[in-house]
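Residue 13 is where the sequence shown starts when you use this note's numbering, and the numbers rise one by one after that.
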Amino acid sequence: MVRPGTQPVLGRPRQGDRRGPDSRATGAAPIRGRSRVVTTGRIFYDGTLTQPRLDHPECVAVHPHDGSVWCGGEAGQIFRITPDGDRLNVVASTGGFVLGICFDPTAQHLYACDLAHRALFQMEIETGRLRRFAKGIPERPFLIPNYPAVDPAGRVYVSDSNAPGKPGPGVYRFTPDGAGDLWYDGPLDFANGLALAPDGSDLYVVESFLPGISRIPIRHDGSAGEKQPVVELPDTVPDGLAFGPDSHLYIGLYEPSKVLRMNSRRQVETVLDDRTAHLLAHPTNLAFRDDQLFTSNLGRWHITLIEAL
């Protein structure tokens with residue numbers, strides 16, 4: 013087995029403005045070539061042979077207060093990695109298959125989507141107590157609850173992927189007490205990762221089999237607007253999203269193993285790629301700690317850290 017190490021991706025960064033993607037644009041921007049960013053990547057935590065083993069993490073999140081790195085496993089584990097990347101602990105388990113995770117604004121709770129249970133779980137950070145928070149709504153239970161995103165008011169948005177090749181609804185939204193509805197009921201082509209715009213104006217959604225990124229405006233009354241295409245990503249399978257401290261949108265590609273960055277003009281550049289799929293091995297989700305970018309790797313047993321963005 014090849015043990016991955018630091019792998020630089022050479023190129024010169026493009027000088028763009030530091031706003032988020034232009035929410036006024038209505039047409040998807042097809043990619044016509046990608047520039048590269050000078051950056052480096054390394055393994056932050058290698059759980060290939062550890063006990064407990066880091067079990068093909070599909071998701072990653074950073075605790076906003078202590079900087080610890082959290083991720084989920086294919087047997088329902090919720091892992092915590094110390095901020096220095098030295099130790100891994102299992103803090104809870106759903107007994108299922110954990111997909112996307114995120115913290116609420118207070119960092120008192122962690123939300124986790126579970127494929128096997130078709131449910132959204134809520135974990136109390138202080139006690140580790142885990143409870144089933146939502147299973148969709150009575151008239152439309154979750155099919156594949158994939159990724160949660162929480163707004164500053166504590167409302168939880170959850171993407172539902174439906175089935176591959178069968179676009180359908182949508183995005184659910186739940187209040188902190190668990191009441192919810194199908195917030196966006198339009199068709200999405202395998203809804204996956206979510207990211208709230210820094211100004212709260214839009215919810216960005218990965219459509220993995222489009223393939224590309226769309227945005228759903230959040231109206232003043234909180235309801236969903238009409239979906240707008242943002243960027244097309246032909247010959248890829250996008251999965252995760254995260255806005256960086258530069259307000260650019262970072263995109264994790266399940267295939268090929270690559271991380272992209274899109275600026276406010278919807279210009280897309282490569283942050284890091286790995287044709288060997290060892291340093292980046294199907295990076296499904298992304299999370300920032302200041303200017304450090306962490307990726308999960310569904311294809312292997314480690315968390316990747318990308319620096320010098």
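Backbone N, C-alpha and C define an ideal beta-carbon position, used for all residues, glycine too.
Counting only the same chain and skipping the five closest in sequence on each side, list residues whose C-beta sits under 8 Å from that of residue i.
i, result
"Val249", "Ser220, Phe221, Pro223, Leu265, Tyr266, Glu267"
"Ser80", "Val74, Arg92, Ile93, Thr94, Pro95"
"Trp195", "Tyr169, Gly182, Val183, Tyr184, Arg185, Ser235, Ala236"
"Gly190", "Phe145, Ala146"
So what does DSSP say about residue i, is it helix, strand or coil?
i, result
"Leu61", "coil"
"Trp313", "coil"
"Arg185", "strand"
"Ser220", "coil"
"Arg26", "Per-residue confidence for Arg26 stands at a pLDDT of 32, beneath the threshold of 50, marking its modelled position as unreliable; no derived number is given."
"Lys239", "coil"
"Cys83", "strand"
"Arg231", "coil"
"Glu267", "strand"
"Pro164", "coil"
"Phe56", "strand"
Within this structure, are the beta carbons of residue i and residue j separated by less than 8 Å?
i, j, result
"Ile90", "Ala119", "no"
"Arg54", "Leu317", "yes"
"Leu132", "Tyr123", "yes"
"Asp126", "Gly88", "yes"
"Val243", "Arg278", "yes"
What is the residue span of the beta strand (DSSP E) that residue i lies within?
i, result
"Phe91", "89-93"
"Thr282", "280-285"
"His322", "No answer is possible for residue 322: it lies beyond the span of the chain, which begins at 13 and ends at 321."
"Arg141", "Looking at the DSSP string, Arg141 is not in any beta strand (DSSP E), and its letter there is neither H nor E."
Once you ignore the five residues that flank residue i on each side, which residues in its own chain have a CB closer than 6 Å to its CB?
i, result
"Gly180", "Asn174, Pro199"
"Arg301", "Val74, Gly79"
"Asp116", "Val162, Gly166"
"His77", "Ala119"
"Tyr262", "Ala254, Gly256, Arg273, Leu298"
Pull the bridge partners of residue i from the DSSP assignment, please.
i, result
"Phe300", "Leu305"
"Asn101", "Arg92"
"Pro150", "For Pro150, which the question treats as bridged, DSSP gives no partner whatsoever."
"Ser226", "Val217, Pro241"
Please confirm whether any heavy atom of the ligand FAD lies closer than 7 Å to the CB of residue i.
i, result
"Thr296", "Looking for the ligand FAD in the displayed structure turns up nothing, as the structure carries no ligands at all."
Tell me which residues share the same chain as residue i and place their Cβ nearer than 7 Å to its Cβ, disregarding the 5 neighbours each side in the sequence.
i, result
"Ser308", "Pro69, Glu70, Cys71, Val72, Cys83, Pro295, Thr296, Asn297, Ile315"
"Gly192", "Ala146, Ile149, Tyr184, Arg185, Phe186"
"Gln134", "His121, Tyr123, Arg143, Phe145"
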